[in-house]
Each structure stands twice: as C-alpha cells, then as structure tokens.
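Numbering (the numbering used here), first residue to last: 247 to 670.
Glycine included, every Cβ here is placed at the ideal spot set by N, Cα and C.
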Amino acid sequence: MVRVEAPMNDQASSTVRALLLSAALMVTATAAVVVFVADAARIPVALYGAVATVLVSWGAVEITRRGEATRALHARYGEHVAFLERRIAEHDSQSVRLGKELMPLAIYQLRRGNSPQEVMNVIVDGDERYRELPESQRALLMAILGIVDDEEAMRESAQRSFVNIARRVQSLVHQQASVLREMEEHHGRDPEVFDDLLRIDHGTALIGRLADSVAVLGKARPGRQWPRPVPLFSVLRGAMSRILEYQRVDLHSIAKVAIVGTAVEPLIHACAELLDNATRYSPPQTRVHVTAVEVQTGIAIEIEDGGVSLSEEARTRAERMLAQAQAGIDLNDLGETPRLGMAVVGRLCQMYNLQVSLRQSAYGGVRAVLVVPRDVVTTGPAPGIAHGIGATALGVGGTELPEMRKPRTADAPAANPASGPASQ
C-alpha cells in the first residue's frame, strides 16, 4: 500500500507562511500599542509584545504542522479504506461465484461417486477458472464436501438398513404365504376354514405390499420376480389383490396384451398404489373404474374414482411429490406421517420408465393415467398368471382375490406353486 502524503516543500511553505503571517500581525499590534502608551510603559509593553509574538508564532506553526499531519493521515486512511472496500467487493464476488457456480458443480460431481479430494483435483485444480481460488475458500469448499460426503454416506447406510428390514419382512411374508398355500390345499374342502384362510392370505398380501414400498423407496427393486409374460388382465387383478377394498374396483375394456416378466411386479405395485389411493380417498359407496387401452406410446391404464375432485393445490402437491420421487426422494424426505402411495409410484416410474398423470375424473373424482412403455408389452404367448391359486413368482406365489377363489372338491387337482400356474 502506497502512502499518500503532502510533499516536503509544500509543508515547509505552509509553515513559513503561517509563521510570517502570525509574526507580522503580532509585531504590528505591538507597535500600535507602544505608540499609544506612555513613555514609561513602552519598554514593558514592547517586551510583552515580543513574548506574545513568539508564543503566537509558535502556536500558529504548531497548528499548521498538526493540520498538515491530520490531512495526510486522512488521506492515508482514505486510501486504506478504499483498498479494503475493493478487497471486500472482490471477496463478495468470489463468495457468490463459490456459492452459485463452484459449490453446485462440486456437489454434483461428489454425488456421482467421486471422493472430496477427487472433486477438488478435477474441478479446482483441473479448471483454469478456479485455479486462483483463495486458500481460505479452498479449505471451506473441502470442508463442505467432507460434510456432504459424510451425510450422503449416512443417508445411504440408512436406506440400506431400511431395505434390509423390508427384505426381512418380505421373507416372512413369503414364508407365511407358503404356509397359507399348504393350509388352503389341505383345508380346501371346508368352506368356512377356507374363507378364513383367504382373509388371512389377503392381509398377508397387504403387509407384503407395504414392505415392497419401503424397499422401493430405499432405491431397491421389488422383491418378486416373474419369469414369464403375464396377461395385462391378470396383472390388474394381481394389483387388486393387494388393496383392502378390492370389491369396489371394476375392470372395463382391458387390452388383450401381456407384460414381460421383468415389468410385471413393478406394474402390479404401481397399479396397487393408485388403486389404494382411489379407494381410500373416495366415498365407500362409490365404484373405482379401471380401463386399459393401447396408445401410440404403449398401454394407458386409467383409474377413475367417484370421490371429491382434487383442488389445484392438492393436484400440484401430488404432482410435486411424483416429480420429487422421480428426481430422488428417499425415506428421509417423507416426514413423520408419510404418505407412501405417490412417492412409491414416482420412484417406480423413474426406475421402469413409466409415466403417470392426474386429471379430473368424469365421475367427479380423480383420474390417474399410468402409461406403460411399449417395450415391455407383448402380444405373444403369456403363460404366467399374477392372481389366483397357483399363481407363481420366484420365491412366493401370487395372491388371488378372496371372491375369486373357490374351495376345492375331491376331483379338483391341487395346484403346486412350484410347478407353475393352475388353470382357473
């Protein structure tokens, strides 16, 4: 920093001018007084005048010197303040750049799997725009990346824990379903016992769906797998079997196509969540209507209820939840009283390229449209089945609606879940 002071010549000339002016004034005043006083008092007055002249001259010189020093000090500190203001402005600009440009880019690279040090090497040291980043901001960026990395690791660990818990519940549900199948085969001739078993089986299916929902929100795939294509009608019946009020659902005009095995379970789960919302948030005396028609991009499954239509705010909130789920909502973002339905549907849409939208229903309620992409639709043979006694998946059989099952007679062969679907 360069100090700005008055030149020495200017300071000397100012001092001389102050000295001469004060001395001249005092000499003039002393001479005037000496002239007008008596002869006896002239010598003392002259002496006093000389002393006063010296004192006033010294005072004037001192005042002038200190004034010059004060002005020089003000100038020097003015330059220092201007320098600090420029530094603050530069720091503010760098902070804005750090917050709006560098930080989002660094966090994006971090979430792609790079470590904090790798992010610093690639972005800060590898990009010419950020090589001159101050050391303090480098340390700040590194500290923030470390915190975000630790947070992401904790989040992923929590998600894996939830998924593992969900898998355990699924395993128990599978075991329970297997035991129920054996009991249904054994007690199929007793209508009362068989009816009770069907109700227990239906409740087990509901628990399994909840466990699947937790696993899906934990970024895992549904637990079941279907090795063969399944007719779309059977897929929708399988979705009905996983909701509580399945009796209120009516199927109309279902396209005669099939779904490839890898997409059967995700589609069943997504439709079940939409059907559950439709029955849960509509009056119990109303019906829920389901249609499935072929469109240019695949199959459009429409689920309409007769409840209260969504307000614009509620529809926006539901669509925002769907968008958040597709963008990466997880279990930590659901809150204390989570509503899993739309979050699960959004996650399944993101994972399996489904599309969902909410509209006003012709019945006064809500119409959910789920579009299944054409690459998972087939018109070939579809030997699989997703509902009914004997419906199979790897590890567990499908669940039939209680109203669709019939007690076996002595002439009817028992279905073996391990050998494939039984005829209905």
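* Asked: So, A292 versus T276, is the Cβ gap smaller than 9 Å?
  -> In the sequence shown, counting from the first residue as 1, residue 292 sits at position 46. In the sequence shown, counting from the first residue as 1, residue 276 sits at position 30. Result yes, Cβ atoms of A292 and T276 sit closer than 9 Å.
* What's the call for T525, buried or exposed, on a 16-neighbour Cβ count within 10 Å? -> Here residue 525 corresponds to residue number 279 of the sequence shown, with the count starting at 1. Buried, by the Cβ-count rule.
* Those residues which DSSP pairs with D496 across a bridge -> Residue numbering aside, residue 496 sits at position 250 when the sequence shown is read from its first letter. Paired residue(s): H535.
* Going by CA-CA distance only, name the one from R494, H337, P475, E540 that's closest to T508. => Locating residue 508 in the sequence shown gives position 262, counting from the first residue. Closest option to T508, Cα to Cα, is P475.
* Asked: Among the residues of its own chain, which have a CB less than 6 Å from the CB of A660, if the five just before and after it don't count?
  -> Position 414 of the sequence shown holds residue 660. Here the model assigns A660 a pLDDT of 34, short of 50, so the residue's position is not dependable, and the following value carries that caveat. Answer for A660: E431, listed in chain order.
* Looking only at DSSP bridge pairs, what is T624 linked to? -> Residue numbering aside, residue 624 sits at position 378 when the sequence shown is read from its first letter. T624 is bridged to A504.
* Rank I411, L344, C595, S407 by C-alpha distance to the C-alpha of R384 and give the top, closest one. => Taking the sequence shown and counting its residues from 1, the one referred to as residue 384 is at position 138. Considering only alpha carbons, the answer is L344.
* Going by DSSP, what residues sit across from I545 in a beta bridge? -> As a position in the sequence shown, residue 545 is number 299, starting the count at 1. In DSSP, I545 forms a bridge with E540, V618.
* To do: List the whole-angstrom C-beta distance separating A412 from G464, where the pair is believed to meet the contact cut-off of C-beta under 8 Å.
  => In the sequence shown, residue 412 corresponds to position 166, counting from 1. In the sequence shown, residue 464 corresponds to position 218, counting from 1. With 8 Å as the limit, A412 and G464 qualify as a contact, their Cβ atoms being about 7 Å apart.
* Asked: With 16 other CB atoms within 10 Å as the buried threshold, where does N523 fall?
  -> The sequence position of residue 523 within the sequence shown is 277, counting from 1. That one is buried.
* **Neighbour-count burial assignment, Y598, 16 or more Cβ in a 10 Å radius** => The residue you call residue 598 lines up with position 352 of the sequence shown. Burial call: buried.
* Using the DSSP secondary-structure output, state which residues sit across from P477 in a beta bridge. => Along the sequence shown, one-based indexing puts residue 477 at 231. Paired residues: A504.
* To do: Pick helix, strand or coil for V300, following the three-state DSSP scheme.
  => As a position in the sequence shown, residue 300 is number 54, starting the count at 1. Of the three classes helix, strand and coil, the one that applies to V300 here is helix, per DSSP.
* Asked: Just how far apart, CA to CA, sit L387 and A335?
  -> Your numbering for residue 387 matches position 141 in the sequence shown. Your numbering for residue 335 matches position 89 in the sequence shown. Computed Cα separation, rounded: 20 Å.
* Would you decide whether P380 is buried or exposed? Buried here means 16 or more other CB atoms lie within 10 Å of its CB. => On the sequence shown, position 134 is the one that residue 380 refers to. By the 10 Å Cβ count, P380 comes out exposed.
* Asked: Counting pairs of beta carbons, one from the segment 430–444 and one from the segment 480–493, are three or more of them closer than 8 Å?
  -> no
* Since I believe Q601 is in contact with V617 (beta carbons under 8 Å), could you give me their beta-carbon distance rounded to a whole number of angstroms? => Residue numbering aside, residue 617 sits at position 371 when the sequence shown is read from its first letter. Residue numbering aside, residue 601 sits at position 355 when the sequence shown is read from its first letter. Sure, about 4 Å apart at Cβ, within 8 Å.
* Asked: Is Q363 helix, strand or coil when you go by DSSP?
  -> Numbered from its first residue, the sequence shown carries residue 363 at position 117. Helix.
* By Cβ distance below 6 Å, which residues in the same chain neighbour R332 in space, the five residues on each side in sequence not counted? -> Position 86 of the sequence shown, counting from 1, holds the residue named residue 332. For R332, where only same-chain residues beyond five positions count, there are no Cβ hits under 6 Å.
* **The beta strand (DSSP E) enclosing S487, as first and last residue numbers** => Walking along the sequence shown from the start, residue 487 turns up at place 241. Per DSSP, S487 belongs to no beta strand (DSSP E) and is neither H nor E.
* **Residues of its chain near L521, where Cβ-Cβ distance is below 7 Å and the 5 sequence neighbours each way are ignored** => What you label residue 521 is simply residue 275 of the sequence shown in a count that begins at 1. For L521, where only same-chain residues beyond five positions count, the Cβ hits under 7 Å are A485, M486, I489, V495, V534, I549.
* To do: Could you spell out where the alpha helix (DSSP H) holding S459 opens and where it closes?
  => Mapped onto the sequence shown, residue 459 falls at position 213. Element bounds for S459: 437–463.
* Can you grab the Cα-Cα spacing for the pair D447 / L456, in whole Å? => As a first step, residue 447 must be located in the sequence shown, where it is residue number 201. As a first step, residue 456 must be located in the sequence shown, where it is residue number 210. Going from the Cα of D447 to the Cα of L456 covers about 15 Å.
* For R343, does the three-state DSSP call read helix, strand or coil? -> As a working note, residue 343 is residue 97 in the sequence shown. DSSP places R343 in helix when its eight states are reduced to three.
* Asked: Would DSSP call Q471 helix, strand or coil?
  -> Here residue 471 is taken as the residue at index 225 of the sequence shown, counted from 1. Note: Q471 maps to coil in three-state DSSP.
* Asked: A538 to S417, Cα distance in whole Å?
  -> Counted from its first residue, the sequence shown places residue 538 at position 292. Counted from its first residue, the sequence shown places residue 417 at position 171. Rounded to the nearest angstrom, the two C-alpha atoms are 32 Å apart.
* Note down the Cα distance separating Y323 from D395, rounded to an integer number of angstroms. => The residue given as residue 323 occupies position 77 in the sequence shown. The residue given as residue 395 occupies position 149 in the sequence shown. Going from the Cα of Y323 to the Cα of D395 covers about 45 Å.
* Would the beta-carbon of E540 be found less than 8 Å away from any heavy atom of the ligand MG? -> No copy of the ligand MG occurs in the structure displayed, which carries no ligand at all.
* Does DSSP put L600 in a helix, a strand or coil? -> Translated into the one-based positions of the sequence shown, residue 600 becomes position 354. Coil, per DSSP.
* Alpha-carbon to alpha-carbon, G592 and V460 -> Counting from 1 along the sequence shown, the entry for residue 460 is found at position 214. Counting from 1 along the sequence shown, the entry for residue 592 is found at position 346. Distance between the alpha carbons of V460 and G592 is about 13 Å.
* Using a Cβ-Cβ cut-off of 7 Å (strictly less than) and excluding sequence neighbours within five positions of Q542, which residues of its own chain qualify? -> Taking the first residue of the sequence shown as position 1, residue 542 is located at position 296. Around Q542: no qualifying Cβ.
* Asked: So G544 and P619 are in contact, right, with Cβ under 8 Å, and what is the actual spacing, rounded?
  -> Residue 544 sits at position 298 when you count from the first residue of the sequence shown. Residue 619 sits at position 373 when you count from the first residue of the sequence shown. Confirmed, Cβ separation roughly 5 Å.
* Cα separation between Q355 and Q596? -> For the purposes of this step, residue 355 is identified with residue 109 of the sequence shown, where counting begins at 1. For the purposes of this step, residue 596 is identified with residue 350 of the sequence shown, where counting begins at 1. Cα to Cα, Q355 sits roughly 21 Å from Q596.
* **Delimiting residues of the alpha helix (DSSP H) encompassing S528** => Looking up residue 528 in the sequence shown gives position 282. It is not in any alpha helix (DSSP H) - S528 carries neither H nor E in the DSSP assignment.
* How about M366 and L391: are their beta carbons less than 9 Å apart? -> Numbered from its first residue, the sequence shown carries residue 366 at position 120. Numbered from its first residue, the sequence shown carries residue 391 at position 145. Contact: yes.
* Leaving aside the five residues before and after Q422 along the sequence, list all residues of the same chain whose C-beta is less than 6 Å from its C-beta, in chain order. => Position 176 of the sequence shown holds residue 422. So the list reads T450, once near-sequence residues are dropped.
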